[in-house]
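Visitor:
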Amino acid sequence: MLRFLNELIYICVITIFLNMYSELHYALVFFLFSSMVAIIKFDIRDEQRSYLYKAYREHLQNSRRI
Numbered sequence: 001m002l003r004f005l006n007e008l009i010y011i012c013v014i015t016i017f018l019n020m021y022s023e024l025h026y027a028l029v030f031f032l033f034s035s036m037v038a039i040i041k042f043d044i045r046d047e048q049r050s051y052l053y054k055a056y057r058e059h060l061q062n063s064r065r066i
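Using the UniProt record's numbering, you'd call the opening residue of the sequence shown number 1 and step up by one each time.
Written out as structure tokens, the structure reads:
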């Protein structure tokens, strides 16, 4: 959890600098995309409780049944 918060802080700092030196919509797009990537990275680290791995396993089981 600490790594995720650390990544989120870096994303916020970079977004603030982007907002200062460029258009607002570039900063917002960067923030949304980076946070999505950070959340996916955080989710993938724990295989047993990961939502993405669970959905992928269910998809494989469903495709084998057909």
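We put the beta carbon where it would ideally sit given N, CA and C, even for glycine.
Since we're looking at a predicted model, the values are computed, not measured.
#1: How close, in whole Å, do the beta carbons of isoleucine 11 and serine 35 come, if the pair is a contact with beta carbons under 8 Å?
#2: Identify, in the order they occur along the chain, each residue of the same chain with its Cβ nearer than 7 Å to the Cβ of threonine 15, setting aside the five sequence neighbours on each side.
#3: So, at 8 Å on beta carbons, what are the nonlocal neighbours of leucine 8 in its own chain, with the 5 sequence-adjacent residues on each side left out?
#4: Mind checking which residues open and close the alpha helix (DSSP H) that includes serine 63?
Guide: Judging by the given coordinates:
#1: On the sequence shown, residue 11 is found 11 positions in, with the first residue counted as 1. On the sequence shown, residue 35 is found 35 positions in, with the first residue counted as 1. Yes, they are in contact, since the Cβ atoms of isoleucine 11 and serine 35 sit about 6 Å apart, within 8 Å.
#2: Along the sequence shown, read from residue 1 onward, the residue named residue 15 stands at position 15. If you ignore the 5 residues before and after threonine 15, its C-beta comes within less than 7 Å of the C-beta of Ala27, Phe30 and Phe31, all in its own chain and listed in chain order.
#3: Numbered from its first residue, the sequence shown carries residue 8 at position 8. So the list reads Ser35 and Ala38, once near-sequence residues are dropped.
#4: Mapped onto the sequence shown, residue 63 falls at position 63. Serine 63 -> alpha helix (DSSP H) spans 51–65.
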